[in-house]
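K.L.:
Following this message is one structure expressed as structure tokens.
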Amino acid sequence: MSHMVQLHVNDQAYQYATEISLPQLLKDLNLPAKGIAIAINQTVIPKTSWPTVRLKHDDKVLVIKATQGG
């Protein structure tokens, strides 16, 4: 029996049928991989690790977009 996987991305809830990869989440949410930083459960994930990260039920994902200017 499979359970829905609920993720929280920038305090918004999303549901998936199974665990998904971080790159798949970015694609689903139409987020560019450039110019962003990601933390999962308050731990910053190095960009080199993104392809291997699997998101699990109740993970809290924070997507931070870099801004230019000052």
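Here the sequence shown is numbered in the numbering used here, starting from 16 and rising by one per residue.
For each residue, glycine too, the CB sits at the ideal point set by N, CA and C.
#1: Would residue 68 pass as a contact of residue 36 if the rule is Cβ separation under 8 Å?
#2: Sort 73, 42 and 38 by Cα distance to residue 62 and report the nearest one.
#3: If you check the beta carbons only, do residue 30 and residue 19 fall under 8 Å apart?
#4: First and last residue of the beta strand (DSSP E) that includes residue 30?
#5: So, are the CB atoms of residue 74 and residue 55 less than 8 Å apart?
P.N.:
On the basis of the supplied data:
#1: yes
#2: 38
#3: With respect to residue 19, residue 30 sits close: the two C-beta atoms are nearer than 8 Å.
#4: 27 to 31
#5: Remark: C-beta atoms of residue 74 and residue 55 approach each other more closely than 8 Å.
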